[in-house]
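Going by our numbering, the sequence shown opens with residue 6, and the numbers climb by one from there. A virtual CB, placed ideally from N, CA and C, is assigned to each residue, including glycine. First comes the structure, then the notes that go with it.
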Amino acid sequence: MLSDALQAAIDNKTKPLGSLGMLESLAHWIGLIQRTVRPALRQPAILVFAGDHGVVAEKVSPYPQDVTWQMVENFLAGGAAINVFARQHGCTLQVVDAGVNHDFAARAGLVDRKVGYGTRNFASEPAMTAEQCVLAMARGAELVAGLNGNVVGFGEMGIGNSTAAAALMHLLTGAPLADCVGAGAGMDAAGVAHKREVIERAVAKHDVTAPLDVLATFGGFEIAMMAGAMLAAAERRMVVLIDGFIVTSALLVVARLQPAVLDYCVFSHCSDERGHRTMLEHLGARPLLQLGLRLGEGSGCALALPLLQAAVNFLCEMATFESALVSGKDA
């Protein structure tokens with residue numbers, strides 16, 4: 006079996022058994038994804054999906070909605086954290102307008118897949134129509150089909166999207182809402198309480214339980230587009246690199262639709278946003294890093310890329326006891 010062959014290859018490297026810790030399980034996981042004992046990472050890409058949310062009308066964020074399009078401009082100018090980290094690791098970065106409430110001039114680096122000018126306010130009506138949700142997912146799948154590599158990381162930008170993600174988490178995991186709602190971009194305690202109350206009212210208003218209905222009612226265009234892209238990436242047997250709270254909320258939907266997608270996921274980190282650790286536990290995930298991040302943008306994906314490369318490299322390049330003429334452990 007491939008799993009046994011991978012474990013034997015890992016155990017036969019010139020090191021004590023298990024001494025590379027999580028790098029060993031990561032190498033094993035990537036080998037299973039790629040179905041080989043000699044995995045390789047090719048042309049890793051990070052897709053950053055941007056979208057606006059009508060629920061910001063309920064004052065659930067300390068930042069105005071304009072920050073979404075302003076940060077997209079910052080991404081395109083190369084000035085955001087994800088730009089810095091992607092450049093550092095030679096990673097392709099695509100910035101996707103999934104549904105920003107702004108008209109961007111066409112330019113290199115911006116991928117226009119706009120479904121609408123932001124979602125509607127889910128406090129009063131569903132965020133998306135079913136048709137818009139399906140369209141967003143299809144456009145995400147199309148983007149992944151156009152990639153040349155075998156590793157794709159997911160990031161996002163959207164003022165108000167932590168509110169959408171908290172609602173998705175509550176409905177898809179059954180976790181108490183108090184455990185799902187956090188500070189997002191920096192709300193104080195009163196702001197967090199208000200955000201929770203907005204979601205409580207909305208959940209009481211909308212009687213939805215099926216994953217796609219939950220996504221359409223409470224999600225965002227960028228979240229739906231990521232969900233479609235994740236499904237397509239798993240179908241292509243790519244390594245699917247998961248970022249923080251918002252990205253994981255998209256995966257919650259996907260995992261309900263196609264649980265096997267989790268077999269292709271690597272979880273880059275556990276963020277400091279309230280609820281993310283519970284999300285990861287619900288998915289049975291083991292994150293690589295815990296750095297106190299709560300930025301989004303795919304920043305955790307970019308920071309985890311060197312660990313993926315190290316795992317693949319030791320499996321493919323490190324000497325075995327036989328090749329190095331090193332004595333193994335005594336029987």
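Note on geometry: alpha-carbon atoms of L308 and F226 lie some 25 Å from one another. Annotation: M133 is outside any beta strand (DSSP E) and is labelled neither H nor E by DSSP.
For G160, the enclosing beta strand (DSSP E) covers residues 156-162. With a cutoff of 7 Å on beta-carbon distance, M323 and K119 are scored as not near each other. Beyond the five residues adjoining it in sequence on each side, C306 comes within less than 6 Å, by CB distance, of I51, G158, L246, D248, S273 in the same chain, given in chain order.
In this structure, DSSP gives Q295 a state outside helix and strand, which the three-state scheme calls coil.
DSSP places Q314 in the uninterrupted alpha helix (DSSP H) bounded by 304-322.
Assignment of H107 by DSSP, reduced to helix, strand and coil, places it in the coil class. Beta-carbon to beta-carbon, V259 and L236 are separated by about 6 Å, close enough to satisfy the 8 Å threshold. About 7 Å separates the beta carbon of A183 from that of R201, a gap short enough to meet the 8 Å contact definition. Q48 places its beta carbon less than 7 Å from that of G154.
Sequence-distant Cβ neighbours of L300 in its own chain, meaning closer than 7 Å and more than five residues away, are A86. Taking all protein chains in view, the Cβ of T325 is surrounded by fewer than 16 other Cβ atoms within 10 Å, so the residue is classified as exposed. With a cutoff of 7 Å on beta-carbon distance, N166 and H58 are scored as near each other.
Residue range 50-56 is occupied by the beta strand (DSSP E) that includes L52. In this structure, DSSP gives V186 a state outside helix and strand, which the three-state scheme calls coil.
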